[in-house]
Amino acid sequence: FAQADGSCLDARSPGPVIHKEVYGQFVEHLGRGVYEGIWVGPQSPIPNTRGIRNDVVAALRRIKVPVVRWPGGCFADDYHWRHGVGPQRQPSINSSWSNAIEPNTFGTHEFMDFIEQIGAQPYVGVNMGSGSVEEAQGWMQYMTAPATTAPGAERARNGRSEPWAVPFVGVGNESWGCGGHMYAEEYANRYRQFQGYLKSYAGPGVRKIATGPDTDDYEWTDTVMRLATRFRPNATSPILYSPPKPLLDGLSLHFYTLPSNRWGGVHPARGFDEAAWISTMKRALLMDELVGKHSAIMDKYDPAKEVALVVDEWGTWYDKEPDGPGGLWQQNTLRDALVAAVTLNVFHAHAERVRMANVAQMVNVLQAMILTDGPRMLVTPTYHVFDLYQVHQDARRLPLTLDVPRYRHGGLDVPAVTGTASVDAAGRTHVSLANLDPTRPHRLTLEVLGLKPGAVKGRVLTAPAMDSFNSFDAPDTVAPRDFHGARWTGSALTVDLPARSVVGLELR
Ligand code: AHR
């Protein structure tokens, strides 16, 4: 065992809440993400409820998905919601993704039905890139206005009289890229106009999320926060122009984990070597620096942290699979599980500012939870991490200091172990640990303050190889098992972490 001393868990001082929304997901009309992945239609022989796959819904309910971002992605700025409501649905072109035919059979009502079936909240992205304020306003009214109004009556005629609550709305997507190629100044001004008309007439109100930066575009963050956070100052009307609440509730961040630190190159989803493994881990850990630096800029304009940093696209992005179906479909291996754990650990560490995140994407696209093949479905190693980590949803973070050696390979190095801890409403303490070293186990000796030695329950996710994955013929190759490698020695907890593993512990 590799080992270092000085690790500590302080159960005496619970910190901020880890908002359950950091376990959010992202669904886009792209590849087989919606059609086949979620929607098969009511006439399908695949068991479904009103056209939505029962197997996918059951799997998602198990991991308590708190929020789903839809309909994109780039597609959001290409989407005109009226095409997807009412009895006469006409196909349109998905010009964001290979000019695919968009049948529009999965629209607002179907998305909301899906959301209700899995027990999540909707996070709807309105079209700024090719849409108008009027269109976005009309959609919000269609979804949330009472049936006694014209937009609500239209919704009722289409089968839903009760308004839906829309707690989160995104205003454009990647407006610096596919969503309009704008400069930050232009986006900030357009955001200011859009936000004033995006209202929810049902539920507790809508939180508005502005398009934030790509990766390390700190200038974008600075400009949008400077120009879009407050009403325009006017010394002669301080009351009118100084509302108590910011004009935005969240700023997004998009960051993808590429095996090298750049786009291009050869990055297979499986069949990779240890050099690709460690560079993937290194890249995933960059999330900590990005979130820290963007948050520091946000602090300048929002010291009270009223505006959340919403990491609404994150995950691994590999090469197109030569034998895969395309549409950003990729295999999901044990490496992806480690990326998920490392990233969630980072989000917890920044819980004061990161209050929502949406992994890209939910089914059949990029770092998916679920893969389908016609009637067959499997859950991926990433899904199992979301399952192991669901205990942290809405729990309070506990201070966890890890004094661990570095894992080194080929000139790169990363901490061998990262982790997180929290205490839930029932007083249970949960510790989650990821051993990034693919070849060596690590022994961690955690001095525990404020907890008496008691029962320890554990689960572990590991597999025979770095690129082990679940196939339709062997769907449990990477699956959690009971873990018996943790024991109390006096006031310390010793944990023997297997190589390339994620371990979840519950201390009572
Ligand atoms: O998730 C796939 C794409 O990645 C999204 O559509 C876009 O926002 C990002 O560039």
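Heads up: the sequence shown is residues -4 to -1, 1 to 504, going by mature numbering (1 follows the signal peptide of the UniProt record, and there is no 0). Heads up, the beta-carbon is just placed ideally off N, CA and C, and yes, glycines get one too. Computed from a predicted structure; not experimentally measured.
- State yes or no: is the C-beta of threonine 329 within less than 8 Å of the C-beta of phenylalanine 468? Cβ distance not < 8 Å, so threonine 329 and phenylalanine 468 don't count as in contact.
- Message: I need the boundaries of the alpha helix (DSSP H) containing glutamate 182, first residue and last residue.
- Response: Counting along the chain, the alpha helix (DSSP H) containing glutamate 182 begins and ends at 180 to 191.
- With which residues is asparagine 354 paired in a DSSP beta bridge? Gly20, per the DSSP bridge assignment.
- Message: Tell me which residue opens and which closes the beta strand (DSSP E) that arginine 108 is part of.
- Response: A quick correction: the sequence has methionine, not arginine, at residue 108. Note, methionine 108: premise wrong, no beta strand (DSSP E); alpha helix (DSSP H) at 104 to 114.
- Kindly indicate which three-state DSSP category threonine 45 falls into: helix, strand or coil? Correct three-state label for threonine 45: strand.
- Task: Starting from the C-beta of residue 538, find all residues in its chain whose C-beta is less than 6 Å away, skip the five residues before and the five after it, and write them out in chain order.
- Result: With the chain covering only -4 through 504, there is no way to say anything about residue 538.
- Opening and closing residue of the alpha helix (DSSP H) in which proline 437 lies: Neither: proline 437 is in no alpha helix (DSSP H) and is coded neither H nor E.
- If you drop the 5 nearest sequence neighbours on each side, which residues of the same chain put their C-beta closer than 6 Å to that of threonine 211? The beta carbon of threonine 211 is closer than 6 Å to those of Phe251 in its chain, skipping five residues each way along the sequence.
- Message: Given this structure, state the Cα-to-Cα distance separating glycine 320 from glycine 69, to the nearest angstrom.
- Response: Roughly 21 Å separates the two Cα atoms.
- Per-residue DSSP class, three states only, for threonine 378: DSSP places threonine 378 in helix when its eight states are reduced to three.
- Query: Relative to the C-alpha of lysine 204, which residue among Phe190, Ala430, Leu384 and His480 is closest?
  - Reply: Ranking Phe190, Ala430, Leu384 and His480 by Cα distance to lysine 204 puts Phe190 first.
- Item | Nearest to alanine 54 (by Cα), restricted to the options Lys289, Ala412, Met365 and Pro118 | Closest in C-alpha terms to alanine 54, from the list Lys289, Ala412, Met365 and Pro118, comes Met365.
- Message: What would DSSP say about arginine 279, mapped onto helix, strand or coil?
- Response: In this structure, arginine 279 counts as helix in the three-state DSSP scheme.
- Just list the beta strand (DSSP E) runs in the segment 239 to 269, keeping only unbroken ones of 3 residues or longer that don't cross its boundaries, in chain order. Counting only runs of 3 or more, we get 246 to 253.
- Query: How many Å lie between tryptophan 325 and glutamate 317 at the Cα?
  - Reply: Approximately 7 Å between the Cα atoms of the pair.
- Any non-hydrogen atom of the ligand AHR within 7 Å of glycine 208 CB: Not so, every heavy atom of the ligand AHR lies at least 7 Å from the Cβ.
- Sequence-distant residues of its chain with Cβ nearer than 6 Å to histidine 346 (five each side left out): Within the same chain, Val287 come within 6 Å of histidine 346 by CB-CB distance, once the 5 residues on both sides are set aside.
- Task: Kindly examine the ligand AHR and report whether one of its heavy atoms sits closer than 7 Å to the Cβ of leucine 362.
- Result: Within the chosen limit of 7 Å, the ligand AHR reaches the beta carbon of leucine 362 through at least one heavy atom.
- Would the segment 25 to 39 and the segment 60 to 69 be scored as touching if the rule is three or more Cβ pairs under 8 Å? Look at the beta carbons and you see the segment 25 to 39 touching the segment 60 to 69: at least three pairs across the two are nearer than 8 Å.
- Item | Supposed close pair valine 474, leucine 440 - CB separation, criterion 8 Å | Between leucine 440 and valine 474 the Cβ distance is about 22 Å, and since that is not below 8 Å, they are no contact.
- Message: Once the 5 residues before and after glycine 311 are set aside, which same chain residues still bring their CB inside 6 Å of it?
- Response: Closer than 6 Å at Cβ, skipping near neighbours: Val355, Ala356, Leu362 and Gln363.
- Residues near aspartate 51 in its chain [Cβ-Cβ closer than 6 Å; skip 5 each side]: In the same chain as aspartate 51, and ignoring 5 residues on each side of it, the C-beta atoms closer than 6 Å to its own belong to Met373, in chain order.
- Task: With a floor of 3 residues, list each beta strand (DSSP E) that falls wholly inside the segment 77 to 158, ordered by position along the chain.
- Result: Considered as a whole, the segment 77 to 158 harbours 88 to 90, 96 to 98 and 117 to 122 as its complete beta strand (DSSP E) runs of no fewer than 3 residues, in chain order.
- Query: In terms of residues, what are the limits of the alpha helix (DSSP H) holding leucine 330?
  - Reply: Note, leucine 330: alpha helix (DSSP H), 330 to 345.
- Item | Euclidean distance between Cα positions of glycine 82 and threonine 101 | If I take the Cα positions, the gap works out to 10 Å.
- Message: Taking contact to mean 3 or more Cβ pairs, one atom from each stretch, closer than 8 Å, check whether the segment 137 to 150 and the segment 85 to 95 are in contact.
- Response: Taking a contact to require three or more Cβ pairs closer than 8 Å, the segment 137 to 150 and the segment 85 to 95 do not qualify as touching.
- Query: So, do the segment 17 to 26 and the segment 445 to 462 have three or more beta carbon pairs nearer to each other than 8 Å?
  - Reply: Touching, no.
- arginine 188 versus methionine 124 - alpha carbon distance: Rounded to whole angstroms, the gap between the alpha carbons of arginine 188 and methionine 124 is 12 Å.
- Message: Which of the three DSSP states is assigned to methionine 294 in this structure?
- Response: Correct three-state label for methionine 294: helix.
- Since valine 400 contacts glycine 454 with CB under 8 Å, what's their CB separation in whole angstroms? The distance from the Cβ of valine 400 to that of glycine 454 is about 18 Å, inconsistent with a contact at the 8 Å cut-off.
- Message: Quick check: does the Cβ of cysteine 4 come within less than 7 Å of any heavy atom belonging to the ligand AHR?
- Response: Incorrect: cysteine 4 has no Cβ contact closer than 7 Å to the ligand AHR.
- Give the secondary structure of phenylalanine 227 by DSSP, where H, G and I count as helix, E and B as strand, and everything else as coil. The answer is coil: DSSP assigns phenylalanine 227 none of H, G, I, E or B.
- Within 8 Å, strictly: CB atoms of arginine 279 and aspartate 463: Taking 8 Å as the Cβ cut-off, arginine 279 and aspartate 463 do not qualify as a contacting pair.
- Item | Extent of the continuous beta strand (DSSP E) run through arginine 57 | Arginine 57: not part of any beta strand (DSSP E); member of the alpha helix (DSSP H) spanning 50 to 58, first to last residue.
- Task: Given a cut-off of 8 Å, decide if glutamine 117 and proline 163 are closer than it, judged by their beta-carbon atoms.
- Result: Taking 8 Å as the Cβ cut-off, proline 163 and glutamine 117 qualify as a contacting pair.
- Message: Assuming isoleucine 14 and histidine 388 are in contact, meaning their beta carbons sit under 8 Å apart, how far apart are those beta carbons, in whole angstroms?
- Response: Right, the Cβ-Cβ distance comes to about 5 Å (below 8 Å), so this counts as a contact.
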